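Accompanying notes for the structure given below.
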Amino acid sequence: MNRRVYAALLPVLGITVWAMAQTPGDPLIEGLRNVEVASVADAIEQLYGQKAYMSHDMRPVAKTKFAGPAVTVLLKKEEHKEGSKASQGMLDAIDAAPPGSVYVMVLEDGLDYAGMGALMATAMKVRGLTGAVIDGGVRDTPQIGRIQFPVFSRGVAPSTTINHFRFAGVNIAVTCAGARVNPGDIIVADEDGVAVVPKAHAADVLKKAEELDNTEHTMLPFIEKFKSIKEAVAKFGRI
6 MNRRVYAALL
16 PVLGITVWAM
26 AQTPGDPLIE
36 GLRNVEVASV
46 ADAIEQLYGQ
56 KAYMSHDMRP
66 VAKTKFAGPA
76 VTVLLKKEEH
86 KEGSKASQGM
96 LDAIDAAPPG
106 SVYVMVLEDG
116 LDYAGMGALM
126 ATAMKVRGLT
136 GAVIDGGVRD
146 TPQIGRIQFP
156 VFSRGVAPST
166 TINHFRFAGV
176 NIAVTCAGAR
186 VNPGDIIVAD
196 EDGVAVVPKA
206 HAADVLKKAE
216 ELDNTEHTML
226 PFIEKFKSIK
236 EAVAKFGRI
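Here the sequence shown is numbered in our numbering, starting from 6 and rising by one per residue.
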């Protein structure tokens, strides 16, 4: 299926693509936004033998699909730090992030803490970020849903990071939900999960993912017609 046709079908399928926050004019970002994350994950594994997707519990707050370069933030667990001063760097990172970025935050041992809520989501949206991926919890989900800002997290929690974490770095290499993320790597997300495309390999990954998408989308009507997945796999070589 042509990727432009696929993108046009997303709203019909109940999946919203937040176009206002996407990086304009970058064909790699546009292409990776339009392919399926499953095809991206398969492409990286087939090309490089690597696992480049996040753990199964990294889930969206609401249906969404996006892609953009990573701005990474690391928080380390440290109790009784000096209030908001200990986390100031994570807020500075939002204000410094270029439009179209994906905010990737890792909370050390942070599954029971909300790495962001409505205030940070609102700031990200008005600054033109594409989305956020939080290796930890998230809160204020009704408000985040109301402003329609795409967020993935590993859970929902009412807690705060203030007084529990300290800022440990921005735009550094991090491991987010089991996947290595370097600053500028392209984060690709949809309802299946989140994959990380190394920026140096983005063109090759996109080409392979488009091939896999096209093959699978061709197989679907074949299976419907001949009522056999075995014959489809034999013919197209994909499962």
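Even for Gly, the Cβ is constructed at its ideal location relative to N, Cα and C. Every value quoted in this text rests on a predicted model; they were computed, and no experiment measured them.
Same chain only: Cβ atoms within 7 angstroms of residue i, ignoring 5 sequence neighbours per side
| i | result |
| --- | --- |
| A173 | L79, L80, K81 |
| N176 | V76, T77, P188 |
| A128 | I99 |
| D114 | K82 |
| G54 | none |
| L116 | G141, G142, R159, G160 |
Proximity of residue i and residue j at Cβ, strictly below 8 angstroms
| i | j | result |
| --- | --- | --- |
| S151 | D62 | It should be noted that the sequence gives Arg, not Ser, for residue 151. For R151 and D62, no; Cβs fall outside 8 angstroms. |
| V161 | G141 | no |
| A75 | A184 | no |
| L112 | T180 | no |
| A48 | K204 | no |
| V202 | V66 | no |
| Y108 | A72 | no |
| A182 | I149 | no |
| S60 | A119 | no |
| V42 | V199 | yes |
| K70 | A194 | yes |
| A208 | I191 | no |
| A102 | L134 | yes |
| F157 | R64 | yes |
Which of helix, strand or coil DSSP assigns to residue i
| i | result |
| --- | --- |
| K82 | strand |
| G36 | helix |
| G136 | strand |
| T77 | strand |
| M63 | coil |
| A123 | helix |
| Y53 | helix |
| L112 | strand |
| K68 | coil |
| K230 | helix |
| D117 | coil |
| T28 | For T28, the pLDDT reaches just 41, beneath the cut-off of 50, and the residue's location in the model is therefore unreliable, although a value from the coordinates is still provided. In the structure shown, T28 sits in coil (DSSP, three-state: anything other than H, G, I, E or B). |
| A98 | helix |
| E41 | coil |
Chain-order list of residues whose beta-carbon lies under 6 angstroms from that of residue i (same chain, five-residue window excluded)
| i | result |
| --- | --- |
| G122 | R144, D145 |
| Q51 | none |
| K230 | none |
| G36 | L211 |
| A178 | N187 |
| T28 | Caution is warranted here: a pLDDT of 41 is assigned to T28, below 50, making its placement in the model unreliable, and the coordinate value is therefore given only provisionally. Within the same chain, T28 has close Cβ partners I34, G73, G105. |
| M110 | V78, G120, I139 |
| M95 | V78, F172 |
| E216 | none |
Bridge-paired residues (DSSP) for residue i
| i | result |
| --- | --- |
| V107 | A75, G136 |
| Y58 | A200 |
beta-carbon residue i near the ligand SAM non-hydrogen atom, thresh 7 angstroms
| i | result |
| --- | --- |
| I149 | Ligands displayed in this structure: none; no statement on the ligand SAM is therefore possible. |
Restricting to runs no shorter than 3 residues, where is the beta strand (DSSP E) found entirely within the stretch 138–218? The qualifying runs are 156–161, 170–175, 179–181, 184–186, 191–195, 198–202.
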